[in-house]
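Chemist:
This is how it looks when you write it as structure tokens:
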């Protein structure tokens, strides 16, 4: 669904810190200078998270650098942005959020085939330290197996 060349930003720590279950692709309500900065690759998902506020689904702390060639009509780098999803998807997310320990984490920011900025979000539950250690062990084992298979 997401091609590697279209990806602008990834949240690499999300899969390490959370168990990611359901994933959704959402559009974003952006200004003109924001989409230009995203296309230039000037975005960061590291501190971003999603929430419902007054019935509106928002992404907060998504960093989009100010566009360098803009005039005084430039945007704020970390403002709240509205996420655009279907009503059924929004209801499903709201039902899942009622569970304890569940959050919504943005994982990938990309440009779609039609040229729209899209964001992949996932419903997540936090991992405990033993789970994180096991993930690191599995990753090391996979790396060693790949290294040994290349030698033969």
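Residue numbers (my numbering): 20 to 171.
The beta-carbon is built from N, C-alpha and C at its ideal position, and this holds for glycine as well.
(1) Tell me the rounded alpha-carbon separation between residue 46 and residue 168.
(2) Residue 99 and residue 77: beta carbons closer than 9 angstroms?
(3) Whose CA, out of 105, 135, 104 and 70, lies closest to the CA of residue 117?
(4) Between which residues of its own chain and residue 151 is the CB-CB distance below 8 angstroms, once the five residues before and five after are set aside?
(5) In terms of residue numbering, what span does the alpha helix (DSSP H) encompassing residue 162 cover?
(6) With DSSP run on the structure shown, which of helix, strand or coil describes residue 85?
Modeler: Answer, in terms of the structure:
(1) 41 angstroms
(2) yes
(3) 70
(4) 35 and 36
(5) 148-170
(6) coil
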